[in-house]
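Colleague: If you're matching positions, the sequence shown starts at 1 in full-length UniProt numbering and goes up one per residue.
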Amino acid sequence: MSFSYGEGQFRSGIPYNDRHNHSAISKMQHQYWVTKETVFRKLGKKEDSNIVASDAELDAKLELFKSIQDSCFDLQRIIDKYQERICLLAQEENAMGRFLKDAGRHDKTGAGNVMINLGKTLSHAGQQRISLRSPLLRLFQEVETFRHRAIEDTNRTVLAMERARTEYRASLSWMKDVSQELDPDTYKQMEKFRKVQDTVKQSKVVFDRYKLDCLQKVDLLAAARCNMFSHALILYHNVMLQFANSTFEALHSIATSCNEHKKFEFNVVKELSEMKLGEEGTPNEETSGALDQSLQETDEKIAALLLIFFLELAL
1 MSFSYGEGQF
11 RSGIPYNDRH
21 NHSAISKMQH
31 QYWVTKETVF
41 RKLGKKEDSN
51 IVASDAELDA
61 KLELFKSIQD
71 SCFDLQRIID
81 KYQERICLLA
91 QEENAMGRFL
101 KDAGRHDKTG
111 AGNVMINLGK
121 TLSHAGQQRI
131 SLRSPLLRLF
141 QEVETFRHRA
151 IEDTNRTVLA
161 MERARTEYRA
171 SLSWMKDVSQ
181 ELDPDTYKQM
191 EKFRKVQDTV
201 KQSKVVFDRY
211 KLDCLQKVDL
221 LAAARCNMFS
231 HALILYHNVM
241 LQFANSTFEA
251 LHSIATSCNE
261 HKKFEFNVVK
271 ELSEMKLGEE
281 GTPNEETSGA
291 LDQSLQETDE
301 KIAALLLIFF
311 LELAL
């Protein structure tokens, strides 16, 4: 290819400066449509149904990724609170155990022995409950590592895919706008349409690559989470099962021993009332007369006191 340096032109006759300016204008126009698409997506503008339907599989995977991201964050927060509650419950069990043992030493009956045995069991259960924190802390660390590595890596791919999808949809909108004003007989408009079409093809190649990466990484992320739980939770399951069985056996033996002791007999003492009821539950005549006389005397005393009070005010 030969050049004509004196005129600053290529052999095609298009000035070099014009080609450079046209490229800069195309970039500005492309950036305009990208910005417009970004604003519309932020505002939640309804997009073309065909374009949305073509990304249905991708959107479903993104929902799965969002669910994994949120659930792992919530799980880590719950584990932290759960292990704190275990410590508080163990402290309360120890305190209750000490209280029962102290109360049992002062009780010389069979109930005292039961309280002592129950206090020892509760204290032992509180100590054994602390053993649940070890597998919980391991699970907490596993979830934290999973969040900071696997989820963050997938999130970076998702963000890159979203940028590529925005550029691809922006280029589609740009091509649609150019095609509406296209005149096949005009060379410049056809050339502009071809360049926009090339931009659409390039952005689609980039978007398809990130889309495939996203689909694969979300599937791997879901499988990795299941694998993490299957290994991290089995230790907690075994420790929890051992603790529950040992505590149940100890408490069951105490409940069985309670049946061997003599039961307490509770007698309800009825409160004595000033008004004795007859056999049919109604006041008798003597009680009614005494009650009426007492009320009359009380009224007379109140009237006398009020009379004295008003006389003093008058003086």
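Note that the Cβ used here is the ideal one computed from N, Cα and C, for glycine as well. Values in this document were obtained by computation on a predicted structure and should not be read as measured data.
#1: What are the start and end residues of the alpha helix (DSSP H) that includes residue 68?
#2: Return the Cβ separation of residue 215 and residue 143 in integer angstroms, given the expectation that the two are a contact with Cβ distance under 8 Å.
#3: Measuring only the C-alpha atoms, how far is residue 316 from residue 88?
#4: Where do the ends of the alpha helix (DSSP H) carrying residue 133 lie?
#5: Grouping DSSP H, G and I as helix and E and B as strand, with all else coil, what is residue 259?
#6: Using the rule of at least 16 other Cβ atoms within 10 Å of the residue's Cβ for burial, across every protein chain shown, is residue 61 buried or exposed?
#7: Report the rounded CA-to-CA distance for residue 147 versus residue 104, giving the unit in angstroms.
#8: Within a Cβ cutoff of 7 Å, which residues of the same chain sit near residue 4, ignoring the five residues on either side of it in sequence?
#9: Would you identify the three-state DSSP class for residue 109, choosing helix, strand or coil?
#10: Could you say if the segment 80-96 and the segment 126-146 meet the contact criterion of at least three C-beta pairs nearer than 8 Å?
#11: If you draw a straight line from the C-alpha of residue 72 to the C-alpha of residue 235, how long is it?
#12: Do residue 164 and residue 210 have their C-beta atoms within less than 8 Å of each other?
#13: Would you say residue 139 and residue 224 are within 8 Å of each other, going by their C-beta atoms?
#14: Give every residue of the same chain whose Cβ lies closer than 8 Å to the Cβ of residue 221, excluding the five residues on either side of it in the sequence, and list them in chain order.
#15: Just to check my reading of the structure: residue 202 and residue 175 have Cβ atoms closer than 8 Å, yes? What is that Cβ distance to the nearest angstrom?
#16: Look at the Cβ atom of residue 254, then the Cβ atom of residue 113, and state whether they are nearer than 8 Å.
#17: Among 110, 90, 106 and 102, which residue has its Cα nearest to the Cα of residue 257?
#18: Taking the alpha-carbon positions, what's the residue 156 to residue 219 distance?
#19: With DSSP run on the structure shown, which of helix, strand or coil describes residue 275?
#20: Could you give the distance in angstroms between the alpha-carbon of residue 84 and the alpha-carbon of residue 77?
#21: So which of 58, 70 and 130 has the shortest CA-CA distance to residue 244?
#22: Please report the straight-line C-alpha distance between residue 55 and residue 160, rounded to a whole angstrom.
#23: For residue 207, tell me which candidate among 158, 134 and 82 has the shortest Cα-Cα distance.
#24: Taking Cβ positions, are residue 171 and residue 145 nearer each other than 8 Å?
#25: Can you give the Cα-Cα distance for residue 323 and residue 205, rounded to whole angstroms?
#26: CA-CA distance, residue 173 and residue 63?
#27: Mind checking whether residue 132 and residue 79 have CB atoms under 8 Å apart?
Modeller: Walking through what the data contain:
#1: For this step, residue 68 is matched to residue 68 along the sequence shown. Where residue 68 is concerned, the enclosing alpha helix (DSSP H) stretches over 56-106.
#2: Position 215 of the sequence shown, counted from the first residue, corresponds to residue 215. Position 143 of the sequence shown, counted from the first residue, corresponds to residue 143. About 24 Å separates the two Cβ atoms, so there is no contact after all.
#3: Outside the displayed span of the chain (1 to 315) sits residue 316, for which this structure offers no information.
#4: Within the sequence shown, the letter at position 133 stands for residue 133. 133-145 is the span of the alpha helix (DSSP H), which, as asked, contains residue 133.
#5: Reading the sequence shown from its first residue, position 259 is the one you call residue 259. Three-state DSSP puts residue 259 in coil, outside helix and strand.
#6: Numbered from its first residue, the sequence shown carries residue 61 at position 61. So residue 61 counts as buried.
#7: Along the sequence shown, one-based indexing puts residue 147 at 147. Along the sequence shown, one-based indexing puts residue 104 at 104. Those two C-alpha atoms are separated by around 51 Å.
#8: Residue 4 sits at position 4 when you count from the first residue of the sequence shown. Note that residue 4 has pLDDT 40, beneath the 50 cutoff, so the model's placement of it is unreliable and no number is given.
#9: For the purposes of this step, residue 109 is taken as the residue at position 109 of the sequence shown. Correct three-state label for residue 109: coil.
#10: yes
#11: Taking the sequence shown and counting its residues from 1, one reaches residue 72 at position 72. Taking the sequence shown and counting its residues from 1, one reaches residue 235 at position 235. Going from the Cα of residue 72 to the Cα of residue 235 covers about 19 Å.
#12: Stepping through the sequence shown from its first residue, residue 164 is reached at position 164. Stepping through the sequence shown from its first residue, residue 210 is reached at position 210. Against a cut-off of 8 Å, the Cβ pair of residue 210 and residue 164 comes out as a contact.
#13: Mapped onto the sequence shown, residue 139 falls at position 139. Mapped onto the sequence shown, residue 224 falls at position 224. Not in contact: residue 139 and residue 224 (Cβ atoms no closer than 8 Å).
#14: Against the sequence shown, residue 221 aligns to sequence position 221. Correct list, in chain order: 65, 68, 150, 151 and 154.
#15: Along the sequence shown, one-based indexing puts residue 202 at 202. Along the sequence shown, one-based indexing puts residue 175 at 175. The Cβ separation is near 12 Å, so there is no contact.
#16: Within the sequence shown, numbered from 1, the residue matching residue 254 stands at position 254. Within the sequence shown, numbered from 1, the residue matching residue 113 stands at position 113. No.
#17: If you number the sequence shown from 1, residue 257 lands on position 257. The residue with the shortest Cα to Cα distance from residue 257 is 110.
#18: Stepping through the sequence shown from its first residue, residue 156 is reached at position 156. Stepping through the sequence shown from its first residue, residue 219 is reached at position 219. Approximately 15 Å between the Cα atoms of the pair.
#19: Against the sequence shown, residue 275 aligns to sequence position 275. With a pLDDT of 47 at residue 275, under the threshold of 50, the modelled position of this residue cannot be trusted, and the question is left open.
#20: Against the sequence shown, residue 84 aligns to sequence position 84. Against the sequence shown, residue 77 aligns to sequence position 77. In a straight line, the C-alpha of residue 84 is about 11 Å away from that of residue 77.
#21: Residue 244 sits at position 244 when you count from the first residue of the sequence shown. Residue 130 is the option with its Cα nearest to residue 244.
#22: Position 55 of the sequence shown, counted from the first residue, corresponds to residue 55. Position 160 of the sequence shown, counted from the first residue, corresponds to residue 160. Whole-angstrom Cα-Cα distance: 16 Å.
#23: For this step, residue 207 is matched to residue 207 along the sequence shown. Closest option to residue 207, Cα to Cα, is 158.
#24: To locate residue 171, count along the sequence shown from 1; it is residue 171. To locate residue 145, count along the sequence shown from 1; it is residue 145. The answer is no: Cβ separation not under 8 Å.
#25: One cannot answer for residue 323 here, as it falls past the ends of the chain, which runs 1 to 315.
#26: Mapped onto the sequence shown, residue 173 falls at position 173. Mapped onto the sequence shown, residue 63 falls at position 63. So the two alpha carbons sit approximately 26 Å from each other.
#27: Position 132 of the sequence shown holds residue 132. Position 79 of the sequence shown holds residue 79. Not in contact: residue 132 and residue 79 (Cβ atoms no closer than 8 Å).
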